[in-house]
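Undergrad: Here the sequence shown is numbered in this note's numbering, starting from 17 and rising by one per residue. All C-beta atoms, glycine included, are put in the ideal place defined by N, C-alpha and C. Owing to the predicted nature of the structure, the values given are computational and were not obtained by experimental measurement.
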Amino acid sequence: MQAGQKVPAVTFRTRVRDESVGGPNPFRWQDMSSDDYFAGKRVILFSLPGAFTPTCSTYQLPGFEDNFAKFNELGIEEIYCMSVNDSFVMNKWAEAQGIKNVKVIPDGSGEFTRKAGMLVAKDNLGFGMRSWRYAAIINDGQVEAWFEEPGLSDNHGEDPYGESSPENLLKHLEAGAEVAAE
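#1: Beta-carbon separation of S99 and A67 under 8 Å?
#2: Looking only at C-alpha atoms, which of G142, F128, Y150 sits nearest to G173?
#3: Taking the continuous beta strand (DSSP E) assigned at N155, which residues delimit it?
#4: List the endpoints of the continuous alpha helix (DSSP H) containing L135.
#5: For the region 58-82, which segments carrying the alpha helix (DSSP H) assignment without a break, of at least 4 residues, lie completely within its bounds, in sequence order?
#6: Check whether the Cβ atoms of M17 and G126 lie closer than 8 Å to each other.
#7: Output the boundary residues of the alpha helix (DSSP H) element that contains D51.
#8: Between V159 and S63, what straight-line distance do the alpha-carbon atoms span, to the nearest angstrom?
#9: Let me make sure I understand the geometry here. Which of N107, K187, E183, R146 has the alpha-carbon closest to that of L168?
#10: Would DSSP call V23 helix, strand or coil?
Have a look at this one:
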């Protein structure tokens, strides 16, 4: 993907808490579309190889969570974390990380990731098909800025991290705000 492109149109299978379901696991299925997440607002989407993995859990997700107020001040309404994991895994990971501001999007079948050109094999790690690490600023469903880690390939021997970091996106947004203020 690149700046100027529309995000892929897909339906995500999510699980949402609903107390009316009752019992020890009060969740129900809810389909969400790309438009539900991206239409009519300016958001950040970042995608990573997997929930509960070291870089994702130690740096990337907490970094976006901790800087949510700064992003909001710079015109970002929502921050979404996507992974080729199912809704059960994504919800449990968000809970384990204590996430309050970042919202998780499960791309369990990898459809969005594939259509974005970011689906890679991670068989060398026993992961199967997963997302390459990237981030995007999306305005009303259209990519405004794209941040992709170098070396996109199947079974890459490393997990590059830097281009899609919250610090890099903040720097980009702050530079844009400075230019707009001049």
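TA: Reading from the atomic positions:
#1: yes
#2: Checked all of G142, F128, Y150; the closest Cα to G173 is G142.
#3: 150-155
#4: Unbroken run through L135 is the beta strand (DSSP E), 135-137; no alpha helix (DSSP H).
#5: 77-82
#6: no
#7: 50-54
#8: 14 Å
#9: The shortest Cα separation from L168 among N107, K187, E183, R146 belongs to R146.
#10: coil
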